[in-house]
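Under my numbering, the residues of the sequence shown are numbered 6 to 108, in order.
Note sheet for the following structure.
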Amino acid sequence: MSITILNEIDKAEALVNGLRKNMGEVKPLNVTASGVDRLEAAYKELKKKDEEVEALRRQLTVKVRENNELLAQLKAQMMGFRKAIKGHYEQPQWIRFGVMDKR
6 MSITILNEID KAEALVNGLR KNMGEVKPLN VTASGVDRLE AAYKELKKKD
56 EEVEALRRQL TVKVRENNEL LAQLKAQMMG FRKAIKGHYE QPQWIRFGVM
106 DKR
């Protein structure tokens, strides 16, 4: 959970608790129980959604790592084949084998 979101959730929770404890005092200020309930529902929903976002980020991190590993393997394989072609053929013939290198 990001610090910003965590801070806002904590502030909202403290506000909800404080308003509920002092509902009689804040009613004249147009603070209603239903309004406090909506605020509570909002911060709980934000907390739930942020947890989902964090789970997706963790999954993304794993997928990115897997992707980078596959890319490294691909590059290593390509390098091996290119070196074999470059070592046995003159540069003008490299293109015939799909080697796009200039040197």
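For each residue, glycine too, the CB sits at the ideal point set by N, CA and C.
Nearest-angstrom Cβ-Cβ length linking Ile14 and Lys52, presumed shorter than 8 Å: 5 Å
Spatially closest choice to Leu11 from Asn22, Asn27, Lys54 and Arg43, by CA coordinates: Lys54
Same chain, Cβ closer than 8 Å to Val36, five either side skipped, listed in chain order: Leu24 and Met28
Neighbourhood of Leu20 by C-beta, 8 Å cutoff - its chain only, sequence neighbours within 5 removed: Leu44
Whole-angstrom distance between Trp99 and Arg62, CA atom to CA atom: 43 Å
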